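Remarks on the structure that follows.
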Amino acid sequence: MNDKLKSNPFLHNKLNFELSEERFLNEVFLQKIENFPVLWKVGDWLSKINYYSKNRKQLKFKIIYFFHKLVKSEKFKTLAFPDTFEDAYKRKAYNYSKYRIKSYNKNSDLSKIYEILSEKKYSGIIVYPSTIHWEPLQRPQQLLREFAKLDYLCFFCEPKQSHLSIVKVESNLYTISGDQYLIYPLQNFDIIILCTWMLNLPFANLIPKKFLWYDIIDRLEIFSLYDEKMLNKHEQFVEAADLVTYSGLQLTDFTKKRSNAIYLPNGVITEDFTNLKKTNLKKFPTIQLRKDKPIIGFYGAIAEWLDFKLIHDVANKSPEWEFVFIGQIWTDINEISRLPNVHFTGLIPYKKLPEIAINFDIGIIPFTINDLTNSVSPIKFFEYAALGLPVVTTSFYEITQYKGESFLQIASSTDEFIEAIRNFLNSKLSDTSEDAKLFANKHHWAQRVKKIIKYF
150 MNDKLKSNPF LHNKLNFELS EERFLNEVFL QKIENFPVLW KVGDWLSKIN
200 YYSKNRKQLK FKIIYFFHKL VKSEKFKTLA FPDTFEDAYK RKAYNYSKYR
250 IKSYNKNSDL SKIYEILSEK KYSGIIVYPS TIHWEPLQRP QQLLREFAKL
300 DYLCFFCEPK QSHLSIVKVE SNLYTISGDQ YLIYPLQNFD IIILCTWMLN
350 LPFANLIPKK FLWYDIIDRL EIFSLYDEKM LNKHEQFVEA ADLVTYSGLQ
400 LTDFTKKRSN AIYLPNGVIT EDFTNLKKTN LKKFPTIQLR KDKPIIGFYG
450 AIAEWLDFKL IHDVANKSPE WEFVFIGQIW TDINEISRLP NVHFTGLIPY
500 KKLPEIAINF DIGIIPFTIN DLTNSVSPIK FFEYAALGLP VVTTSFYEIT
550 QYKGESFLQI ASSTDEFIEA IRNFLNSKLS DTSEDAKLFA NKHHWAQRVK
600 KIIKYF
């Protein structure tokens, strides 16, 4: 039996919103406007004037944003554009549509893209449209890295849209600022489009020959602009996509309309976490640690899904241990950072992360328990294992399937968390370290890719 999932253009077309004429140009107009670029620019300005005349809140925001930026106020970086999912979707669809015609790209040097496309015969081409930044490395980045090793040309699109910039990260893998610049060069290629949220679709809809891969990595309600229309678009996408994967067991709530959706938990590229030597983390430039004290470490986003009460109580009751948190800070840490044995380093680039984290004695994942964390497959769990670290976590759902692994302890209270750490520190860690590394090898990203590559 042929395992390939055939691309279905009819279902793809159903993903387009029925956009009004003023917001989305039809194919006939796109062809005619090719010869009248000035007319296009006039139409573009008229469309913007029409939009902002009907949306006064957005106009007010733009004016405020402009003046904050003009005077170089830091506030403009945190201003949130008043928006809805449908408006954002329509706006993206309209803006992207311009880049499908040749004349609109004449001021952009697309030669580097064409050069990459013609460099050799690739196994395939994968594009991840603009969603997140390359750093910190997450699931989409690691999947693309693994596909690139298999001779797939991979484009990871950065959110920056102002100008075209292409950086070669690894062999066959490029980051590109401005995914709109890929639209015209890719018109005649078969493209695999990796999508992780609904606002990837305006890009995907403009690629004629595509294989749509919808990778569900979080509960929908955590996305900005979540509303009923986003949910409806998700349900359309689940039915129409050529391949649907999901990262957490409890995300099956969002795959009910797709009986052949594939469970694809996170993993680790073990080579990034091997052959490392412990360094002197005590001399780490942004923190000061006491000599010869156990280091209990965490890395990842410092956000509301961490159980800060648990962390505070564990650290407060265990003054003999040093707690180190690596990652970008997205929430208030004032209270917990007052503890003398709790330290925050800020974000560390992925390439340097293993050589820092190898100095941990224990890796922890102190998630609070809720619908969001119960649906998460934490990449750090597999990376801790690749480092040979014992791991102590709270009892979020996804981790419970690994209960019984010698290097893992799951705690349900402050006292259990402390006891689990103490038991690991008092035991012979060499045995659990080898078990952890063997476990990590079984959960290599290469194994995840092997599970789905047959469908491309």
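Residue numbers (our numbering): 150 to 605. Ideal placement from N, C-alpha and C gives every residue a C-beta, glycine not left out. As the structure is a computational prediction, the values presented were derived from the model and not from experiment.
Keeping to the same chain, check which residues put their C-beta closer than 6 angstroms to that of residue i; ignore five residues upstream and five downstream.
i	result
GLU388	LYS406
ASP441	none
ILE262	PRO334
LEU574	PRO443
Taking Cβ to Cβ, would you say residue i is nearer than 8 angstroms to residue j?
i	j	result
SER396	ASN409	no
TYR248	GLN329	yes
ASP339	ASN321	no
THR543	ALA560	yes
TYR363	PHE386	yes
VAL473	ILE497	no
LEU286	TYR533	no
ILE371	LEU400	no
VAL463	PHE566	yes
TRP454	THR394	no
LEU355	SER246	yes
PHE447	PHE605	no
THR563	LEU459	yes
ARG288	ILE602	no
By a C-beta neighbour count over all protein chains shown, 10 Å radius and 16 as the cutoff for buried, is residue i buried or exposed?
i	result
VAL316	exposed
ASP456	buried
ASN381	exposed
SER526	buried
ASN424	exposed
GLY512	buried
ARG439	exposed
PRO308	exposed
ILE198	exposed
GLY449	buried
SER524	buried
TYR243	buried
TYR277	buried
GLU547	buried
GLU471	buried
THR233	exposed
GLY327	buried
Spatial neighbours of residue i within its chain, please: C-beta separation below 8 angstroms, excluding the five flanking residues on both sides.
i	result
PRO489	PRO468
ILE668	Within the shown structure, residues of the chain are numbered from 150 to 605, placing residue 668 beyond reach of any answer.
GLU583	GLY537
VAL540	ILE511, GLY512, ILE513, ILE514, PHE530, TYR533, ALA534, PHE556, LEU557, GLN558, ALA585
LYS241	LEU348, PRO351, PHE352
What is the DSSP secondary structure of residue i, reduced to helix, strand or coil?
i	result
SER169	Below a pLDDT of 50, predicted positions are generally treated as unreliable, and SER169, at 38, falls in that range; the measurement from the model is reported next regardless. Three-state DSSP puts SER169 in coil, outside helix and strand.
LEU286	coil
ASP232	coil
THR522	helix
ALA237	helix
GLU471	strand
LEU538	coil
PHE403	helix
ALA506	helix
HIS461	helix
GLU319	strand
HIS145	One cannot answer for residue 145 here, as it falls past the ends of the chain, which runs 150 to 605.
Residues in the same chain with beta-carbon distance under 7 angstroms from residue i, minus the five sequence neighbours each way, listed in chain order, please.
i	result
ASN508	LYS427, THR428, LEU430, ILE444
MET150	Only weak support exists for where MET150 lies, its pLDDT of 33 falling under 50; the value from the coordinates is given anyway. Answer for MET150: no residue qualifies.
ASP520	ARG368
GLN290	TRP283, PHE305
ARG294	GLU319, LEU322, ILE418
PHE296	ILE275, CYS303, VAL598
HIS592	GLY416, VAL417, PHE531
What residue from the options has the CA that sits closest to residue i's CA?
i	options	result
GLU554	LEU496, ALA390, THR581	THR581
CYS303	LEU331, LYS501, ASN590	LEU331
TYR253	ARG240, PRO498, PHE474, PRO334	PRO334
PRO357	ASN523, ILE342, VAL598, PRO285	ILE342
PHE403	ALA390, HIS383, LEU392	HIS383
SER279	LYS359, CYS344, PHE530	CYS344
GLN558	SER576, GLU547, ILE570	ILE570
LYS257	GLN291, LEU313, ILE275	Just to set this straight, residue 257 is Ser in the shown sequence, not Lys. Residue LEU313 is the option with its Cα nearest to SER257.
LYS600	LEU292, ASN572, ASP421, MET379	LEU292
PHE588	ASN354, ARG597, TYR551, PHE605	TYR551
TRP594	LYS255, ALA237, ASP421, TYR271	ASP421
SER486	PHE573, TRP346, HIS461, TYR375	HIS461
TYR375	SER202, GLU235, LEU398	GLU235
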